[in-house]
């Protein structure tokens, strides 16, 4: 009994003395000691919370670990198999769509018989223009519902150049047959009975009731309006009569023409944009080359003068924003004395001429507020997050060293660009062929809204003998071409096929981006875990990482890309539903729709962030997607304070660099395309819209800069996760030395003093 008590006393004294000794050693001033306790103490001094058990066990020391694991096995093989099958099915969908579709149905006007105007090898080869028998019917609301003017439409070789009615033609025909020869070219093919009663001609629509002087507009014959002394006229007339001697005004023609123009304005805009691209593409190409050169120069300068260049970028952006605010204030002070400048942007509507908006006070107020908010955000960041800015700059400096050792990583985004271009092109072509699939579908077009057969399918060959044409409410109805479609299972499910086309496009697009992220992560991980840099870096690290990723982890990348693609597809469907429900005045539905959009937007951001870190762990350890995502999440949570220190400051600094490059190239392009550079003014092209090449150059410059800077962003994220892993595996002793550089060890709160 006494022996047991004595042993307990001795054990208690031993544990108490050990505890006191550890406390005295921890509290005493000391130099850096390469031990695990020193690492824990410096972690606490840096503000890092001790790892919690529910965030997994920290990585243990492994003397054989030398970076990305070389002995691997295929991960997520089932998803890889599904991905390959889906790719082949996507190719089959493209082939089927190409067999059934015809892009000419989208690009060219079609007459009432479903035939293209001006197409080679057809009866309309020499008839490129579309003519409306009774253009006044095009002002009917049905044109907005059915996207089709409810009157007979024919292909012609030229538009009419005079006023005439069918009644006048019959009277003149008795004197000279030339009047009928001119008028019959606007009638249905094969009709040659000028003595047929007017009422029957108009009932069967054998010929137009009247013709008016017209001009070609987007391959359509529209009235040739001329404004004289503020009055709109057609051939110096303000009124005219039809075959039934009913008076009409030019205003009616104008409303009808607007109905047609509303359907083809978008195409007109597209044709002008294509024309501008045809004139300015050499200058756009030069602008993109300049953007490429500036981005490369910025990257090289960042390699040697990262701190000075980033601070100069921040200061330059602040000064440019301040200048923009001052300029907006000056313009606002001038517009206060200009009549009409107080009109709201909503009242002006959509215009392709940007100068219209620059004459409005509201435009400059919005610009002033936006620039002010951006300026305030940057200044507040510099004031309250200046330490994080310094840490981010130092981390970018470390990333510059890694990229300097493996310069080939800067050119990998070109491979991603090619893959993305192929994906976008294939999706667009398949979508056009799907949209133009099917045969001609004819529908009942009636100017009388009480006709209950309106918008129902019909057969033009038997329509005149059907019950529809003999109905009292549908006597003026016609069976006209509506669109291309069909009644087969393929045509009934075209909408689902379009959704499938969109989903696979998003999947392939996200897979291409995931391939770049995982390849770069494996490359920079090889750099970090090399004990002697650059001697111990494997040869061809980029190619080795790419081959490992393709060989072992195609299924893993496809799995992560599919999760992200589904979230993006749901967001697109919600946007589509919101546009469909926009006219419904229901506050509850709008609230629910906005909540769903917000939730899925946040979900997409979270998935994108977790995928990025999961791909880094896949590149290092070679595990499947779920295991890698779990390890990445736990590793980040065990270093949550350091994650908060980095946060998005590095991304923000890189964003400022992209904005500076795109903005600088954009300013030069603006002065060039608006003919404000006297030296080369004669070389500048004449454009319909100068903003077409300008926006192309600005967006292209931003994407080029983003391609280079995405390498930096991936390098920073990879180095950070490797840094956190390094801290858990090693303690800085001679047996377990850190693989991080002393500067990286210092900037993230690990003092080596």
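Numbering (my numbering), first residue to last: 9 to 761. Where is the CB? At the ideal position from N, CA and C, for every residue including glycine.
- Exposure of residue 607 is indicated by the presence of fewer than 16 other C-beta atoms within 10 angstroms of its C-beta.
- A straight-line Cα-Cα distance of about 44 Å links residue 587 and residue 82.
- Contact between residue 624 and residue 726 is confirmed by a C-beta separation of about 5 Å, below the 8 Å threshold.
- By the C-beta density criterion, residue 566 is buried, having at least 16 other C-beta atoms within 10 angstroms.
- Rounded to whole angstroms, the separation of the alpha carbons of residue 297 and residue 290 is 11 Å.
- The Cβ atoms of residue 117 and residue 168 lie no closer than 8 Å to each other.
- In this structure, residue 545 sits near residue 534, with a CB-CB distance shorter than 8 Å.
- Taken through DSSP and simplified to helix, strand or coil, residue 256 comes out as strand.
- Here the alpha carbons of residue 176 and residue 249 stand approximately 10 Å from one another.
- Taking C-beta atoms as the reference points, residue 644 and residue 619 fail to come closer than 8 Å.
- A distance below 8 Å separates the beta carbons of residue 408 and residue 310.
- Looking at 730, 664, 372, the one whose alpha-carbon comes closest to that of residue 531 is 730.
- Judged by pairs of C-beta atoms under 8 Å, the region 206-224 touches the region 183-194, as three or more such pairs exist.
- Setting aside the 5 residues that flank it on each side, residue 339 is surrounded in the same chain by 372, each with a C-beta closer than 7 Å to its C-beta; the list follows chain order.
- Rounded to the nearest whole angstrom, the CA to CA distance from residue 709 to residue 572 is 27 Å.
- Apart from the 5 residues on each side of it in sequence, residue 74 sits with its Cβ closer than 7 Å to the Cβ of 537 in its chain, given in chain order.
- The C-beta distance from residue 502 to residue 442 rounds to 6 Å, short enough to meet the 8 Å contact threshold.
- At a Cβ-Cβ threshold of 8 Å, residue 138 and residue 119 count as neighbours.
- Per DSSP, the continuous alpha helix (DSSP H) segment holding residue 605 begins and ends at 595-629.
- Counted as a single uninterrupted DSSP element, the stretch harbouring residue 121 is not any alpha helix (DSSP H), since DSSP gives it neither H nor E.
- When DSSP states are grouped into helix, strand and coil, residue 221 belongs to the coil group.
- Put simply, the region 298-306 touches the region 699-718. At least three CB pairs are less than 8 Å apart.
- The shortest CA-to-CA distance from residue 637 to any of 616, 432, 718, 433 is the one to 616.
- Our two residues, residue 329 and residue 393, have alpha carbons roughly 20 Å apart in a direct line.
- When beta bridges are read from the DSSP output, residue 245 appears opposite 242.
- In the displayed model, residue 347 falls within coil according to three-state DSSP, outside both helix and strand.
- Selection 292, 380, 285 evaluated against residue 331 yields 380 as nearest (Cα-Cα).
- Ranked by Cα distance from residue 543, the first of 739, 410, 404, 613 is 410.
- The C-beta of residue 734 has 16 or more other C-beta atoms within 10 Å across all chains shown, which makes the residue buried.
- Per the C-alpha coordinates, the member of 231, 601, 476, 317 positioned closest to residue 170 is 231.
- In chain order, 601 place their CB closer than 8 Å to the CB of residue 585, counting only its own chain and leaving out the 5 sequence neighbours on each side.
- Residue 397 places its beta carbon less than 8 Å from that of residue 390.
- Collapsing the DSSP output to three states places residue 331 in a helix.
- Taking the Cβ atoms as the reference, residue 720 lies roughly 27 Å from residue 80, outside the contact range of under 8 Å.
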